[in-house]
Structures are given as C-alpha cells and as structure tokens.
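*Asks:*
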Amino acid sequence: MARGYELKKDTIIIYRELTMLDLFLKKFLGILKKHSDYLVVSGFVSISTGRTRGTEDIDVIIPVMSKDSFDELLNDLIKNNFWCYQGDTSNEVFEYIKNLESVRFAKVNEMFPNIELIPFNSTKKAKSFEFNHPQKVKIKSFEFKIPPIEFEILYKELVLAGRKDVEDARHLRIFFSEIIDERKFKEYKLIILCELK
Numbered sequence: 006m007a008r009g010y011e012l013k014k015d016t017i018i019i020y021r022e023l024t025m026l027d028l029f030l031k032k033f034l035g036i037l038k039k040h041s042d043y044l045v046v047s048g049f050v051s052i053s054t055g056r057t058r059g060t061e062d063i064d065v066i067i068p069v070m071s072k073d074s075f076d077e078l079l080n081d082l083i084k085n086n087f088w089c090y091q092g093d094t095s096n097e098v099f100e101y102i103k104n105l106e107s108v109r110f111a112k113v114n115e116m117f118p119n120i121e122l123i124p125f126n127s128t129k130k131a132k133s134f135e136f137n138h139p140q141k142v143k144i145k146s147f148e149f150k151i152p153p154i155e156f157e158i159l160y161k162e163l164v165l166a167g168r169k170d171v172e173d174a175r176h177l178r179i180f181f182s183e184i185i186d187e188r189k190f191k192e193y194k195l196i197i198l199c200e201l202k
C-alpha cells in the first residue's frame with residue numbers, strides 16, 4: 006500500500022471513508038448500470054482520491070442510447086427520486102441525448118449535487134478510447150469506473166486546461182506517482198491531440 010491506495014489486480018483500492026457525494030453517485034450509478042455502461046470522468050476522479058475541492062456536478066459519459074433504452078433509464082431514475090433539469094418526459098430529454106448534448110440529474114427538490122450525463126458516439130475518438138479502457142476504482146463497498154489515470158491527467162492538461170483542471174492533474178500525478186506509466190502519456194497524447202485538430 007502507498008499514499009492511501011493500493012493496486013490489487015486491475016482495481017485501485019482507495020483507503021478512505023465514503024462521503025455524501027460518493028453515496029449520491031453510488032445510488033445514481035446503481036440505476037444507470039441497469040441500462041447502460043458508463044465512465045466517471047473529470048473532477049470527481051481527483052476528488053475520489055481525497056483532493057479537497059468543491060464540486061457541484063459529477064461528469065459521467067455514456068454511449069448514445071436508443072429512445073427505448075433511454076425511456077427505461079429515465080423512468081427508473083424518476084421512480085428513484087431523481088429529476089432531470091432538461092425536462093420531465095423522455096420525448097423532451099431524448100432530444101438532447103440524440104444530439105450528443107449533456108443532461109443533468111439531481112435528487113428531487115434539490116439542485117446540487119447533480120450528475121452531468123454526457124452521451125458520445127464513435128465519432129468522439131478520445132471519449133471512445135477512454136470508455137473502452139476503463140480503470141476500476143473501489144472505495145469501501147463502492148466500485149466504479151474511471152478513465153486510465155494517465156489519460157485523465159492529459160485530458161485535464163491539454164483539453165480542459167482550466168485552473169481547477171490543471172490543479173487536479175497535478176494532484177493526480179503526485180497521488181498516483183508510484184503506478185503511473187510514463188510510456189502511456191506518449192500514446193494517449195496522440196489520441197487526445199487528434200481530437201483537438
């Protein structure tokens with residue numbers, strides 16, 4: 006074990022207690038997984054390692070869904086006390102999904118925290134790559150999937166590049182210094198830069 010985590014087989018085990026934000030995401034993913042595969046990306050990746058910074062949303066990417074599959078997902082979320090910022094019916098909300106636009110979900114009567122659900126298709130090469138190379142993370146009983154650590158770091162540095170993103174990337178480089186594979190940065194950089202062209 007090193008720095009509050011260890012790598013067991015293909016899963017990163019992070020040693021800390023679950024937070025309210027973890028439990029919120031755990032409940033959402035418990036519903037989402039019945040209808041679609043997913044990847045948790047961006048700010049929550051660094052927060053999950055114990056980085057202290059505020060966040061109001063958690064970004065989750067999913068492959069674009071059919072209307073029928075999305076109907077089932079939305080109904081299941083509503084049944085479990087989530088609501089969607091973009092509308093109350095599948096006809097309203099699916100227009101966003103179909104057009105690869107994100108939609109947000111929160112608990113009923115609350116605005117924050119919320120999940121930003123981001124659909125993508127095969128034209129999004131970087132998202133497709135990270136989605137097809139997931140890294141499993143486990144905190145207590147909560148297991149979820151994130152991009153490869155090296156990919157997440159580079160995406161924050163090269164694409165998002167805001168102050169919080171650069172600080173997140175620096176934190177991840179330090180926190181995971183003992184398991185980062187420097188060779189992967191070269192490979193992943195080419196994939197990310199191709200999407201920026």
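Quick note on numbering: this note's numbering labels position 28 of the sequence shown as 33, and the sequence is numbered without any gaps.
Ideal placement from N, C-alpha and C gives every residue a C-beta, glycine not left out.
Remember, predicted model here, so these are calculated numbers, not experimental data.
At which residue ranges does the stretch 11 to 60 contain complete alpha helix (DSSP H) runs of 4 or more residues, listed in the order of the chain?
*Replies:* You should have 25 to 37, 48 to 53.
*Asks:* Let me confirm a value: D15 is counted as buried when at least 16 other C-beta atoms fall within 10 Å, else exposed. Which label applies?
*Replies:* That one is exposed.
*Asks:* Along the alpha helix (DSSP H) that carries K132, what are the first and last residues, could you check?
*Replies:* Run containing K132: 130 to 136, per the alpha helix (DSSP H) assignment.
*Asks:* So, using beta-carbon positions, are R21 and I144 closer together than 8 Å?
*Replies:* In contact: R21 and I144 (Cβ atoms closer than 8 Å).
*Asks:* Excluding the 5 residues flanking A7 on each side, which residues of the same chain have their C-beta closer than 6 Å to its C-beta?
*Replies:* At A7, the pLDDT of 48 sits below 50, so the modelled position is not reliable and the matter cannot be decided from this model.
*Asks:* Given a threshold of 16 other Cβ atoms within 10 Å of its Cβ, counted over all protein chains shown, does S71 qualify as buried or as exposed?
*Replies:* Burial call: exposed.
*Asks:* My output table needs one value for D186: the three-state DSSP class, helix, strand or coil.
*Replies:* Three-state result, D186: coil.
*Asks:* Output the distance between the C-alpha atoms of Y193 and E155, rounded to the nearest integer angstrom.
*Replies:* So the alpha carbons of these two residues sit roughly 8 Å apart.
*Asks:* Does L195 come out as helix, strand or coil in the three-state DSSP assignment?
*Replies:* Looking at L195 - three-state DSSP - the assignment turns out to be helix.
*Asks:* For E135, count the other beta carbons within 10 Å of its own beta carbon; 16 or more makes it buried, fewer makes it exposed. Which is it?
*Replies:* Per the 10 Å Cβ criterion, buried.
*Asks:* What three-state label does DSSP hand A174 in the structure shown?
*Replies:* Helix, per DSSP.
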